[in-house]
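Those protein sequences? They're chains A and B, same order as listed.
When we follow numbering that gives the first Met the number 0, the leftmost residue of the first sequence carries the number 0, and every step to the right adds one.
When we follow numbering that gives the first Met the number 0, the leftmost residue of the second sequence carries the number 0, and every step to the right adds one.
Heads up, the beta-carbon is just placed ideally off N, CA and C, and yes, glycines get one too.
Nothing here was measured: the structure is a model prediction, and the numbers come from that model.
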Amino acid sequence: MANFSIIVPIKEVPDIEKVNFDREKGRIDRSSATSEPNPFDLNALEEAVKIKEEIGGNITVISMGPPQAEDTLRDAIARGGDKAILLTDKGFAGSDTWATSYTLATAIKKLGHYDLIICGEKTVDGDTGQVGPEIAEVLDIPHVSYVNKTIERGKDSIIVQTEVWGRLYKKELKFPGLITVTKDLNEPRLPTLTNKLKAKSAEIERWGLDDLLDTGDEKHFGIKGSPTSVVNIEVPKEKGRKSKIFEGKDAAKKMVEQLRKDLGGI
Amino acid sequence: MQLKRWLNNYVRIWGVYDMAYDESEGEGVWIYCEQEKGEIHPVSYELLNKGRELADDLNTHLTALFLTPDGSDAQELVYRGADRIYLLEHDNFNYPNEIPFRENIVKLVEDNKPEILLIGATHFGRSLAPRVAGALETGLTADCTGLKIEKGDFVQIRPAFTGNILAHISTDRCPKMSTVRYKEFDESERDTGREGEIIDIEPLEYDGPDVKILNEMIIEDINIQEAEIVVSGGKGLKDSQDFEIIEELCSTLGGTVGSSRPLVDEGWISRNHQVGYSGNRVKPNLYIACGISGAPQHLAGMKESKIIVAINTDPSAPIFDYADYGIIGDLYEVVPKLIKELREG
Ligand SMILES: Cc1cc2nc3c(=O)[nH]c(=O)nc-3n(C[C@H](O)[C@H](O)[C@H](O)COP(=O)(O)OP(=O)(O)OC[C@H]3O[C@@H](n4cnc5c(N)ncnc54)[C@H](O)[C@@H]3O)c2cc1C
Ligand SMILES: Cc1cc2nc3c(=O)[nH]c(=O)nc-3n(C[C@H](O)[C@H](O)[C@H](O)COP(=O)(O)OP(=O)(O)OC[C@H]3O[C@@H](n4cnc5c(N)ncnc54)[C@H](O)[C@@H]3O)c2cc1C
C-alpha cells in the first residue's frame, strides 16, 4: 500500500494590516506590505501535521504563485511539510478561481497518489473560498467544506464536524477526498529552530506550464482559461461615521438618551 | 451514473468540448432556492427580489430551482416573484451533501442554458456553487453585494481583501454564476395574485453517498447573524468572569452577546458569538463594542451595523472612526452606568 499522503495547497498573500488602501485615489498599494502564508492555510497545514503524527504518512505542500512564493513554501516545510512544489509560470498569471483550481488539480494529478487534500476556508486577499471545492470538482472526488473539527482520523476515511444549515453535522469522508477548514480547528504551532534550518536547505521543486500539459489542457490555464475577470476596483470611502463622543459625569445618561431617540423603545 | 460521471470528467479534462456555452446562447435568470430540511431559507426570497430586477432589466424570465424533500411549498416561490419553478423532490435533498444537488443542477443548466445563475452565499451555497461552476467550466463570483445590468452586461460587485475593497467582476461565458451575500438585499414582496408555472422534474438517480452523514445536531445557541442588538466584549475585559457585565448590558437591552476573536481563542465564549472576518458577520440596528480596538478583521464583521457605539479607554482606537457614538472611558465604570440608566428609563 502506498504511503499515506496528504496535500496542502497554500497561497502566499500580502499582510493585510500593512496594505495601504488609498481611499482618496481608490487604489491598493501593496508595496509597503510583506508577503506571508495565507493565515487560514496554516490551520490546514497544522491539521495535516497532526494527522501525520497520529497515523503516519507524508505531507506535500503546493503553491501557485510568483517565484518569491518559495518563501511561503519554505515556511511550510519548517512547519512540518515534507515536500514542496511551486507552480510558477507567466502562463499562470491572471488566473481566476477556476484556472487556479484547474492548475492545482492538474499538478496534484501529476503527483500521482494522494489520500487527503486540506485547503484553507478562504484567503485574506481574493477571499472567495472557491478553490477548495473547485479542486475537488476537477479531480472528481468528494469534499466537505467548513470543517471545524476532525473527530476520527483513519487511513481510509476521516470523520469531521462541519457547520451547515444551522446545524452541526458529523460526516465521514472516504479517501481520496478534500476538506476545507476554518480557523477554529486548531492553533498552528510555530516552527522550531531545527525545522527552520532544515527548511532553509530544502529543495523546492518548480513546475511550469509545460510540466502540466501531460495531465492538463492548455486552454484552461492562466488568463485565457479564466472565465471571470476583475474589471474595476473601488476602495470605498468608509461611511462617514461621525463619532459623537459623550463626555463627563453624564456621558452614560446622554448616550442612553441619544439611543432612545434613535431607536425608540429600548 | 458512475460511467457518465467518469465520461464527463474525461471530457472535461481532455477538453473534447466545453460545458459552458457562449454568452449569446444564454437566456433567462435562474436562482437556486436554498432550503434546509424542506424549509425555505430567507436568502432565497432575497435572490428572487434581485433576480426579478435583473430579469426585468434583461427583458427575460425568472426561474427558481427548487431541489427539496417531498412536500415543500413551491407555490410560495411563485408568490415571491418566480415565473417558473423547476421542482425536484427527493429524500436526497434532505441532507446537505453537495453531489446530488450538483448532478441535477448541472443537468438542468445543460438542458436549458440560462444566462445567469444566482446562489445564496450561505455555507451550503458557497460549498455547492463552486462544484456546479467547476462542472460547467464557467465563472463564479463570490459573495456578491451588488449585481446590476449595465449596457446589457452583467456586473457583479463583491468585497475582497478582507472587506477593504469592492471589486467589479465580469464573466465571459454562460451561465454567469454568482453567490450572493445573505441579508444584503431585501426580500421580495409576497403577492398571492402572482401566477407562475411549476414544472415537476424527476431527479437523477444518485448512487452515492460520497460523504456519509453520521450525526446531525441543531445548534442550540442563538443565531447572532439574525440579532437586532449585539453587545460585544473584547480584550478590554480582564477576566473571563467579567463577561458577566457585558451579558448584563446585553440582557437589559434584549440583545445577543458578541465577542472579538481573542476571547474566543481563550475559550471565554463559544465561536457562535465571534464577530468578524473569521467569525460571524452581523448587521444589527445597534452594535455596542466594549473594549474592542477595531482591527480590520473585526470591522469586516460589523461595520454595516446601523448604529455603532464604542466604549474604549484609548481615544485613538480605530473603532471610534467607525462608531456613531462613543464614550472614552473604562468599560468597568461605563457599562454599569449604562445599565443603570437603561433600567431607570
Ligand atoms: C479583488 C479580487 C477579486 C476576485 N474575485 C474573484 C471571483 O469572484 N471569482 C473568481 O473566480 N476569481 C476571483 N478573483 C481571482 C482569485 O482571487 C484568484 O483566482 C486566486 O488565485 C484564488 O482565489 P482566492 O484567493 O479567492 O482563493 P480561495 O478560494 O479563497 O482559497 C481557498 C484555499 O485554496 C487554496 N489556494 C487558493 N489559491 C491558491 C494558490 N494560488 N496556491 C495554492 N493554494 C491556493 C488555499 O488552501 C486556500 O486557503 C479575484 C481576484 C481579486 C484580486
Ligand atoms: C486571518 C485573521 C482573521 C481574524 N478574524 C477575526 C475575527 O473574525 N474577529 C475578530 O474580532 N478578530 C479577528 N482577528 C484578530 C484581529 O486582528 C484582532 O487581533 C482582534 O480583533 C483584536 O481584538 P480586541 O479588539 O478585543 O483586542 P485588542 O486589539 O487588544 O483591543 C483591546 C481594546 O480594549 C481597550 N481597553 C483596554 N482596557 C479597557 C477598559 N478597561 N475599558 C475599555 N477599553 C479598554 C484597549 O484600548 C484596546 O483598544 C483575525 C486575525 C487574523 C489574522
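Residues of its chain near residue i, where Cβ-Cβ distance is below 7 Å and the 5 sequence neighbours each way are ignored
| i | result |
| --- | --- |
| residue 3 (chain A) | 54, 55, 56, 114, 154 |
| residue 4 (chain B) | Residue placement at residue 4 (chain B) is flagged as unreliable, the pLDDT there being 47, under the threshold of 50; the coordinate-derived value follows with that caveat. The answer is none, since no qualifying residue turns up. |
| residue 150 (chain A) | 158, 159, 160, 169 |
| residue 259 (chain A) | 265 |
| residue 159 (chain B) | 166 |
| residue 236 (chain A) | 22 |
Where residue i meets chain B, residues with beta-carbon distance less than 8 Å
| i | result |
| --- | --- |
| residue 261 (chain A) | 306 |
| residue 240 (chain A) | 307, 320, 321, 322, 323 |
| residue 245 (chain A) | 324, 325, 326 |
Residues that DSSP places opposite residue i in a beta bridge
| i | result |
| --- | --- |
| residue 65 (chain B) | B:86 |
| residue 28 (chain A) | A:19 |
| residue 199 (chain B) | B:86 |
| residue 115 (chain A) | A:5, A:176 |
| residue 36 (chain A) | A:11 |
| residue 205 (chain A) | A:85 |
| residue 326 (chain B) | A:245, B:310 |
| residue 286 (chain B) | B:229, B:307 |
| residue 152 (chain A) | A:157 |
| residue 60 (chain A) | A:7, A:83 |
| residue 117 (chain B) | B:30, B:177 |
| residue 210 (chain B) | A:172 |
| residue 228 (chain A) | B:169 |
| residue 78 (chain A) | Paired residue(s): none; residue 78 (chain A) is not in a bridge. |
| residue 163 (chain A) | A:166 |
| residue 217 (chain B) | A:166 |
Own chain, CB closer than 8 Å to residue i, minus 5 neighbours either side, in chain order
| i | result |
| --- | --- |
| residue 162 (chain B) | 276, 295, 298, 299, 302 |
| residue 167 (chain B) | 154, 155, 156 |
| residue 185 (chain B) | 45, 48 |
| residue 347 (chain B) | No answer is possible for residue 347 (chain B): the residues shown for chain B start at 0 and end at 344. |
| residue 96 (chain B) | 207, 208, 209, 210, 212 |
| residue 263 (chain A) | none |
| residue 14 (chain B) | The predicted model places residue 14 (chain B) with a pLDDT of 40, which falls under 50 and marks its position as unreliable; any figure quoted below should be read in that light. Closer than 8 Å at Cβ, skipping near neighbours: no residue. |
Amino acids of chain B, ordered along the chain, whose beta-carbon sits closer than 9 Å to that of residue i
| i | result |
| --- | --- |
| residue 167 (chain A) | 214, 215, 216, 217, 218 |
| residue 35 (chain A) | What residue 35 (chain A) touches in chain B: nothing, since even the nearest Cβ is about 13 Å away. |
| residue 141 (chain A) | 96, 97, 98, 207, 208, 209, 210 |
8 Å contact criterion, which residue i and residue j should meet: CB distance rounded
| i | j | result |
| --- | --- | --- |
| residue 197 (chain B) | residue 73 (chain B) | 5 Å |
| residue 221 (chain A) | residue 90 (chain A) | 5 Å |
| residue 111 (chain A) | residue 35 (chain B) | With 8 Å as the limit, residue 111 (chain A) and residue 35 (chain B) do not qualify as a contact, their Cβ atoms being about 39 Å apart. |
| residue 203 (chain A) | residue 73 (chain A) | 7 Å |
| residue 236 (chain B) | residue 290 (chain B) | 6 Å |
Neighbour list for residue i in chain A, Cβ cutoff strictly below 8 Å
| i | result |
| --- | --- |
| residue 341 (chain B) | 255, 265 |
| residue 138 (chain B) | 95, 97, 225, 226, 227 |
| residue 184 (chain B) | Result: empty, since nearest Cβ-Cβ is about 18 Å, beyond 8 Å. |
| residue 36 (chain B) | 164 |
| residue 160 (chain B) | 15, 18, 20, 27, 123, 124, 126 |
| residue 337 (chain B) | 251, 254, 255 |
Same chain, Cβ closer than 6 Å to residue i, neighbours up to 5 away in sequence not counted
| i | result |
| --- | --- |
| residue 313 (chain B) | none |
| residue 8 (chain A) | 61, 103, 118 |
| residue 100 (chain B) | 66, 127 |
| residue 177 (chain B) | 117, 140, 143, 155 |
| residue 138 (chain A) | 104 |
Contact set between residue i and chain B, taken where Cβ atoms lie within less than 7 Å
| i | result |
| --- | --- |
| residue 129 (chain A) | 129, 139, 141 |
| residue 178 (chain A) | Going along chain B, no residue has its Cβ under 7 Å from residue 178 (chain A), so there is no contact; the nearest lies around 10 Å. |
| residue 233 (chain A) | 164, 165 |
| residue 183 (chain A) | 270 |
Within chain A, partners of residue i - CB distance below 9 Å
| i | result |
| --- | --- |
| residue 285 (chain B) | 258, 261, 262, 265 |
| residue 222 (chain B) | 165 |
| residue 333 (chain B) | 250, 251, 254 |
| residue 122 (chain B) | 144, 145, 161, 162, 163, 164 |
Practice task
Mind listing, in chain order, the continuous beta strand (DSSP E) runs of no fewer than 3 residues lying wholly within the region 129 to 193 of chain B?
Solution key: Positions of the beta strand (DSSP E) runs, each at least 3 residues long and wholly inside the region 129 to 193 of chain B, are given as 139 to 143, 145 to 149, 152 to 159, 164 to 170, 175 to 179 in order along the chain.
Handout entry: Any beta strand (DSSP E) of 3 or more consecutive residues that is wholly inside the region 292 to 319 of chain B
Key = Restricted to the region 292 to 319 of chain B, the beta strand (DSSP E) segments that are unbroken, complete and at least 3 residues in length are 306 to 311, listed in chain order.
Exercise for the section: Please specify which runs of the alpha helix (DSSP H), each continuous and at least 4 residues long, are wholly inside the region 27 to 63 of chain B, giving them in chain order. Expected result: Runs found: 42 to 57.
Practice task
Return the chain-ordered ranges of every alpha helix (DSSP H) run that is complete within the region 254 to 284 of chain B and spans a minimum of 4 residues.
Solution key: If you keep only unbroken alpha helix (DSSP H) runs of at least 4 residues inside the region 254 to 284 of chain B, you get 260 to 264.
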